[in-house]
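S.K.:
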Amino acid sequence: VAAKPEDAIDYRQGVFSAIKWHFGTMGAMVKGKMEYDAEDFSRRAEIVAQLSKLPIEGFLPGTYEGETSALPAIEDDREKFDGGMKALVERTAALAVAAQTGDLEQIKPAFGEVGKTCKGCHDNFKE
Ligand code: ASC
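Residue numbers (mature numbering (1 follows the signal peptide of the UniProt record, and there is no 0)): -2 to -1, 1 to 125.
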């Protein structure tokens, strides 16, 4: 990839912004702050599952300074970071499957697992 560091940063931040947009609305539904709409929730869960595959290619060497909260620890512990990204892909896929049931009791734990995955990487690799 011949992208400039700031382009890689913009790219991954853009993807995470889109993930947050959808995951935030899903969270409001899960927490009862917004009426649960099974079809809309499932649509968003599919989008999040697809988007989750995208950020990893923006985490390139030399892209951990400037307008980013991504820490150089990503490069120092690449295996752990890649594992977190893989977990995100797997758990968002599981959430999309759970979403198809339309059953909030199945969705809630799957949603929680995704949230934990977000937090895991943020705790270790985000400023
Ligand atoms: C969100 C969001 C995150 C994660 C994280 C989960 O909705 O913006 O970064 O969930 O807070 O613990």
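Built from N, CA and C at the ideal position, the CB exists for glycine as well.
Keep in mind the model is a prediction, meaning the values are calculated, not measured.
On the criterion of 16 or more Cβ atoms from any shown chain inside 10 Å, does ARG10 qualify as buried, or is it exposed?
M.R.: The residue labelled residue 10 in the question sits at position 12 within the sequence shown. It counts as buried.
S.K.: Do ALA96 and ALA108 have their C-beta atoms within less than 8 Å of each other?
M.R.: On the sequence shown, residue 96 is found 98 positions in, with the first residue counted as 1. On the sequence shown, residue 108 is found 110 positions in, with the first residue counted as 1. Contact flag set, yes.
S.K.: Scan the stretch 59 to 119 and note each continuous alpha helix (DSSP H) run of 4 residues or more that stays entirely inside, going in chain order.
M.R.: Complete alpha helix (DSSP H) runs here, min 4: 71 to 74, 76 to 99.
S.K.: For THR115, count neighbouring C-beta atoms within 10 Å of its own C-beta (all shown protein chains included) and say buried if the count is 16 or more, exposed if not.
M.R.: Here residue 115 is taken as the residue at index 117 of the sequence shown, counted from 1. Buried, because 16 or more other Cβ atoms sit within 10 Å of the Cβ of THR115.
S.K.: For my contact list, PHE123 and ALA71 are in at a C-beta cut-off of 8 Å; report their separation, rounded to the angstrom.
M.R.: To locate residue 123, count along the sequence shown from 1; it is residue 125. To locate residue 71, count along the sequence shown from 1; it is residue 73. That belief holds up - the Cβ atoms of PHE123 and ALA71 are roughly 6 Å apart, short of 8 Å.
S.K.: For a test of the three-state rule: what should DSSP assign to LYS124, helix, strand or coil?
M.R.: If you number the sequence shown from 1, residue 124 lands on position 126. Note: LYS124 maps to strand in three-state DSSP.
S.K.: ALA68: which of LYS78, ASP75, PHE57, GLU77 sits nearest, CA to CA?
M.R.: By 1-based counting over the sequence shown, the position of residue 68 is 70. When only C-alpha atoms are compared, the closest one is PHE57.
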